[in-house]
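Chemist:
Residue numbers (this note's numbering): 863 to 991.
See the structure below:
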């Protein structure tokens with residue numbers, strides 16, 4: 863989307879995630895329509911109770927400044943990528959876009975490609991004898 867400014871986007875979130883907060887009861891209504899696909903800059907942040915996906919990828923809580931984010935690679939992050947509807951939709955859109963733009967390159971040439979990058983110089987295919 864190209865719209866600048868506006869209200870925060872509320873991404874998908876597990877049902878009942880906020881029920882453990884020690885604040886007044888709140889409900890979460892995920893954004894709908896094209897606003898769901900806005901930049902991360904517009905994502906709603908609850909400082910002390912981060913979105914589960916942000917928490918899994920070690921996002922700072924924004925209570926204080928962070929000079930450098932810690933780097934981690936855990937099995938939990940892989941599960942988030944496999945199960946979070948946001949990432950599942952993004953993967954489906956990437957696959958759909960790649961297959962419609964160049965149907966002959968999908969899936970044979972897929973491992974060497976990255977959407978938005980030049981395809982490089984693939985090795986010539988030799989006949990198997």
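Just so it is clear, CB atoms sit at the ideal spot from N, CA and C, and this is done for glycine as well.
1) By the 10 Å Cβ neighbour count, where 16 or more other Cβ atoms means buried, how is residue 913 classified, buried or exposed?
2) Taking residue 914 as part of the alpha helix (DSSP H), name the residues at either end of that continuous run.
3) Determine, using beta carbons only, whether residue 909 and residue 931 come nearer to each other than 7 Å.
4) Using CA atoms only, rank isn't needed, just tell me which of 952, 988, 943 is closest to residue 901.
5) Thinking residue 880 and residue 911 are a contact (beta carbons under 8 Å), I'd like their distance in whole angstroms, please.
6) By the three-class DSSP mapping on this structure, what secondary structure does residue 905 have?
7) Which same chain residues end up closer than 7 Å to residue 938 when comparing Cβ atoms and leaving out the 5 residues on each side of it in sequence?
8) With the cut-off set at 7 Å, would you say residue 893 and residue 871 are in Cβ contact?
9) Could you tell me the alpha carbon to alpha carbon distance between residue 888 and residue 963, rounded to whole angstroms?
10) Identify every residue that forms a DSSP beta bridge with residue 871.
Modeler: The short version:
1) Buried: at least 16 other Cβ atoms inside 10 Å.
2) Start and end: 914-918.
3) At a Cβ-Cβ threshold of 7 Å, residue 909 and residue 931 do not count as neighbours.
4) Nearest in C-alpha terms to residue 901, of all of 952, 988, 943, is 952.
5) The distance from the Cβ of residue 880 to that of residue 911 is about 7 Å, consistent with a contact at the 8 Å cut-off.
6) Shown here, residue 905 sits in a strand according to DSSP, grouped into three states.
7) Closer than 7 Å at Cβ, skipping near neighbours: 918.
8) Going by C-beta atoms, residue 893 is nearer than 7 Å to residue 871.
9) Taking the straight line from one Cα to the other gives about 43 Å.
10) DSSP output for residue 871 lists 905 as bridge partner(s).
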